[in-house]
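Colleague: For reference, the structure I am asking about is given below.
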Amino acid sequence: MSRTTIETRQWKTRTKAGHPLFHGPILRRALLDSCKKLDPRWQVKNPVMFVVEVGSVITTIEFLRILFIQPVAKADLREAAFVLTVSVWLWFTVLFANFAEAIAEGRGKAQADVLRRTRKTMMAKRLPSLERRDRIETVAAPELRKGDLVLVEAGDIVPGDGDVIEGVASIDESAITGESSPVIRESGGDRSAVTGGTHVLSDQIIVRITANPGETFLDRMIALVEGAKRQKTPNEIALNILLASLTIIFLLVVVSLEPFAIYSGNAVSVTTLIALLVCLIPTTIGGLLSAIGIAGMDRMVQRNVLAMSGRAVEAAGDVDVLLLDKTGTITLGNRMASRFFPLEGVDERELALAALLSSLSDETPEGRSIVALARDRYGFNEEESAGATFLPFSAQTRMSGIDLNGRDAKGRAIRKGASDAIATYVSQHGVSVSPDLTPLVESIARAGSTPLAVAEITSSANGANAGRILGIIELKDIVKGGMRERFEHLRRMGIHTIMITGDNPLTAAEIAREAGVDDFLAQATPETKMQLIKKQQLGGRLIAMTGDGTNDAPALAQADVGVAMNTGTQAAKEAANMVDLDSNPTKLIEVVEVGKQLLITRGALTTFSIANDIAKYFAIIPAAFAVTYPQLNALNLMRLATPHSAVLSAVIFNALIIIALVPLALRGVRYRPIGAGPLLRRNLLIYGLGGILIPFIFIKLIDLVLMALHLTL
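Last residue of the sequence shown: 713 (UniProt numbering), numbering continuous.
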């Protein structure tokens, strides 16, 4: 096992188990990055913290002016010490805000470093074309371009992202997913996509490259997990505008206070005014806002979901309709043939043989189970299919079949598929549908099983058709344990669930009732999925869905949150805005919870930030202007010792509260599935009331400590 694979698995284990927030290497990198982010060109992106940095520079200059320019008296030295202390804590405020963002980025960069080690310069076996396989050209992987054909054999590393166009192979994808179990990749299905850097364990495949160097899935993954290309979401931009507006308002207010103080004959120092401004503007949420967004994407990575943008994570939090595929998501996904039901006048053995022949080209698990059941029960072989033409299963026709054109076959065609599709097929060939078909289909569907019909059409030499529907194959699937509880959980979150299935309406209704989903779409095709999504979106709803096939790509692109399976096709992964590296369709529920947790965390900390600004008002305003306006002493509710102690205590608290809230910003506020009204009341009670009370308590404690240590005037 390679070192990179081991490191990747160790990373996955740590993140899923809860990696320590202040892990040594991450902490050292974050501390260094915090200092780099002091660059004004970086800080200007965050207007709130840019104002704090400007204030820090001004107070530092003021300290130097007092100390070196004007004549120094004893009182001046004490004033210089006060200005220096305020200046230092203002710089700490900026650094702590930078640290919050840097440590959030550091968790992603640590994983990106592991992923980079999977990008090795390797050689690729490029083919001129499928017809000229004898002329293999060995080239460096970075020379490959979109559309190139490469041969990948057992023991080789896949040189780039692509689709398998020929062959089947077992592939180790642990370098990307962290999972040790190999997966099968084959041509012509929904599991044809391969990722550069993965390892072929057996057989050989021919891959068509689908991405140029620098545009591969691994390149995008590295850029996204380390936050290099993170774009602010609409809600985050709107909140930034609000915070910037509040900052400008408070700046104008503080600037206007000085003339009033001068007019009264008691000027207030520049340091005190800057401290007042910094404590009144929303520095807490301003310092943590970027970290909250980065941490949201990091929580997706911890669940092995790669979000292509912060917008996708945020949209997941606003989703109110979930489209879930039935097979493998709501049910166990192993629908197996359990019984043959022949119609009147048909022998069960005859039905079983027809079912086997029409399923030989059906590579779905259901098709294979039909073949296995017929063989086990009647000992059939495939000799009867000699000289036949096979029709593989198609999602469009919802049928598979065989055309027997041998000497004794008399132009015999056998089809197996959904009962309504088979009924339409025989009707188009001028054959009447048995009246016994519908009651039998309905009885099987009501039992929660899936009925598949089998029919045969025989064409004579003069072109006349004869035939009949032979009977029904029963497929049984089982709803996963706990699904009803999970859907009830989603219902409490205010999310409407819709099950998508290719089954007939009766079967779909029974499974939907058993699972507890709100609605279902039966006999689904790519077109009907798109129509359903557009209809829901026209009603003002945000839609999330999962998919893995090329036929899912249009719906994934249309959905507000599209989660593609990593085992799926390249088209599906490019259409979606998230990729589930575990290829677990039920992960969609966790994705929504992470999105909602992001929104709730941002709202909770915004509430807390604004509330504690109110509390700091009662610390600084009386202290700063009590001499000018003695009546303000009535607002000194904390009974702080001196004006300088009050200002310094508020500034220290303002810096420390940012670092204290970093774990909450990174881990997120715990999400509970309650309605919007109870959630708002809960946030106001915990983070609103808490944001007012906590500053009163801790500013007073800091004041007592400063006085005990004689660190203020």
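C-beta atoms are modelled at their ideal positions from N, C-alpha and C, and glycine is treated no differently. What you are looking at is a predicted structure, and each value in this text was computed from that prediction instead of being measured.
#1: Whose C-alpha, out of Ile171, Ile478, Thr272, Thr497, is nearest the C-alpha of Ile511?
#2: How about the segment 513-531 and the segment 494-505: do they share at least three Cβ pairs that are nearer than 8 Å?
#3: Just to confirm, are Pro365 and Leu351 a CB contact at a threshold of 9 Å?
#4: With distances taken Cα to Cα, identify the nearest neighbour of Asp420 among Asp403, Ile402, Pro392, Gly471.
#5: How many Å lie between Lys535 and Ile589 at the Cα?
#6: Residues in the same chain with beta-carbon distance under 8 Å from Met300, minus the five sequence neighbours each way, listed in chain order, please.
#7: Since I believe Thr85 is in contact with Gln570 (beta carbons under 8 Å), could you give me their beta-carbon distance rounded to a whole number of angstroms?
#8: Helix, strand or coil for Asn240? Go by DSSP, reduced to three states.
#9: For Arg135, which three-state DSSP category applies?
#10: Tell me the rounded alpha-carbon separation between Leu693 and Ile330.
#11: Quick one: grab the DSSP three-state call for Thr497.
#12: Let me check understanding here. Comparing Cα to Cα, which of Ala354, Asp161, Glu344 lies closest to Asn566?
#13: Tell me whether Phe68 is buried or exposed, calling it buried when 16 or more other Cβ atoms sit within 10 Å of its Cβ.
#14: Taking the straight line between their C-alpha atoms, what separation do you get for Asp320 and Gly494?
#15: Just mark Lys36 as buried or exposed, buried being the case when its beta carbon has 16 or more other beta carbons within 10 Å.
#16: Below 8 Å, can you find three or more Cβ-Cβ pairs linking the segment 278-285 to the segment 80-99?
#17: Measure the beta-carbon distance from Ala604 to Asn683 and round it to whole angstroms, keeping in mind my assumption that it falls under 8 Å.
#18: From which residue to which residue does the alpha helix (DSSP H) around Val301 run?
#19: For a test of the three-state rule: what should DSSP assign to Gly688, helix, strand or coil?
#20: Starting from the C-beta of Thr247, find all residues in its chain whose C-beta is less than 7 Å away, skip the five residues before and the five after it, and write them out in chain order.
#21: Do you know offhand how far Gly417's Cα is from Ser432's?
#22: Return the CA-CA distance between Glu105 and Val669, expressed in angstroms with no decimal places.
#23: When you compare each of Pro439, Val647, Ala316, Leu252 to Arg506 by their alpha carbons, which one comes out closest?
#24: So, Glu137 versus Leu130, is the Cβ gap smaller than 9 Å?
#25: List the endpoints of the continuous alpha helix (DSSP H) containing Ala270.
#26: Taking the alpha helix (DSSP H) that Ala421 belongs to, which residues open and close that run?
#27: Count the CB pairs spanning the segment 200-219 and the segment 145-152 that are closer than 8 Å, and state whether there are at least three.
#28: At the level of alpha carbons, what is the spacing between Ala228 and Ser309?
#29: Which residues mark the beginning and the end of the alpha helix (DSSP H) in which Pro354 is found?
#30: Per DSSP, which residues does Ala413 bridge with? Please list them.
#31: Classify Tyr378 as buried or exposed, calling it buried when 16 or more other Cβ atoms lie within 10 Å of its own Cβ.
#32: Given Thr389, which residues of its chain have a CB within under 6 Å of its CB, disregarding the five upstream and five downstream residues?
#33: Just tell me which of Gln531, Thr528, Arg491, Pro526 has its CA closest to the CA of Ala515.
#34: Take Leu356 and list the residues in its own chain whose beta-carbon comes closer than 6 Å to its own, dropping the five residues that flank it on each side.
#35: At the level of alpha carbons, what is the spacing between Ala124 and Gln531?
#36: Tell me, please, which residues DSSP counts as bridged to Asn465.
Modeller: Reading off the structure:
#1: When each option's Cα is compared against that of Ile511, the closest is Ile478.
#2: Contact holds between the segment 513-531 and the segment 494-505, because three or more Cβ pairs, one in each stretch, are under 8 Å apart.
#3: No. Outside cutoff.
#4: Asp420 has its Cα closest to that of Gly471, out of Asp403, Ile402, Pro392, Gly471.
#5: It is roughly 22 Å from the alpha-carbon of Lys535 to the alpha-carbon of Ile589.
#6: Apart from sequence neighbours up to five positions away, the residues of its chain that approach Met300 with a beta-carbon distance below 8 Å are Leu306, Ala307, Val313, Met578, Val591, Val594, ordered along the chain.
#7: Contact between Gln570 and Thr85 is ruled out by a C-beta separation of about 59 Å, above the 8 Å threshold.
#8: DSSP places Asn240 within a helical segment (H, G or I) once states are collapsed to three.
#9: Judged by DSSP in its simplified three-state form, Arg135 adopts coil rather than helix or strand.
#10: Rounded to whole angstroms, the separation of the alpha carbons of Ile330 and Leu693 is 47 Å.
#11: Thr497 carries a strand assignment under DSSP once its states are collapsed to helix, strand and coil.
#12: The residue from Ala354, Asp161, Glu344 with its alpha-carbon nearest to that of Asn566 is Asp161.
#13: Around the Cβ of Phe68, a 10 Å sphere holds fewer than 16 other Cβ atoms; the residue is exposed.
#14: Their backbone Cα atoms lie some 6 Å apart in a straight line.
#15: Lys36 comes out exposed.
#16: Between the segment 278-285 and the segment 80-99, the count of Cβ pairs shorter than 8 Å is three or higher; the stretches touch.
#17: At roughly 5 Å, the Cβ-Cβ gap stays under 8 Å, so Ala604 and Asn683 are in contact.
#18: First-last of the alpha helix (DSSP H) with Val301: 283-302.
#19: Gly688 carries a helical assignment under DSSP once its states are collapsed to helix, strand and coil.
#20: Only residues of its own chain outside the window of five on either side were considered, and among them Pro47, Val48, Val51, Ile281 have a CB closer than 7 Å to the CB of Thr247, listed in chain order.
#21: Their Cα atoms are separated by approximately 17 Å.
#22: Roughly 19 Å between the two C-alpha positions.
#23: The question names Arg, but residue 506 is Leu in the sequence shown. The shortest C-alpha separation from Leu506 is found at Pro439.
#24: No; because the gap between Cβ atoms is not below 9 Å, this pair is not in contact.
#25: In the sequence under discussion, the amino acid at residue 270 is Val, which differs from the Ala named in the question. Looking at the DSSP string, the run of the alpha helix (DSSP H) that includes Val270 is 270-280.
#26: Per DSSP, the continuous alpha helix (DSSP H) segment holding Ala421 begins and ends at 419-428.
#27: Three or more beta-carbon pairs separated by less than 8 Å link the segment 200-219 to the segment 145-152, which places the two stretches in contact.
#28: Because Ala228 sits at a pLDDT of 43, beneath the cut-off of 50, its placement in the model cannot be relied upon, and the following sentence gives the value as read from the coordinates. Rounded to the nearest angstrom, the two C-alpha atoms are 11 Å apart.
#29: Correcting the residue type first, residue 354 is Ala in the shown sequence and not Pro. 348-359 is the extent of the alpha helix (DSSP H) around Ala354.
#30: Beta bridge pairing from DSSP links Ala413 with Asp403, Ile457.
#31: Answer is exposed; the Cβ neighbour count stays below 16.
#32: Cβ neighbours of Thr389 within its own chain (closer than 6 Å, five residues either side excluded): Asp403.
#33: Closest option to Ala515, Cα to Cα, is Arg491.
#34: The beta carbon of Leu356 sits closer than 6 Å to the beta carbons of Val371, Ala374, Phe380 from its chain, once the five residues preceding and following it are set aside; these are given in chain order.
#35: The straight-line gap from Cα to Cα measures roughly 43 Å.
#36: DSSP lists Ser459 as partners of Asn465.
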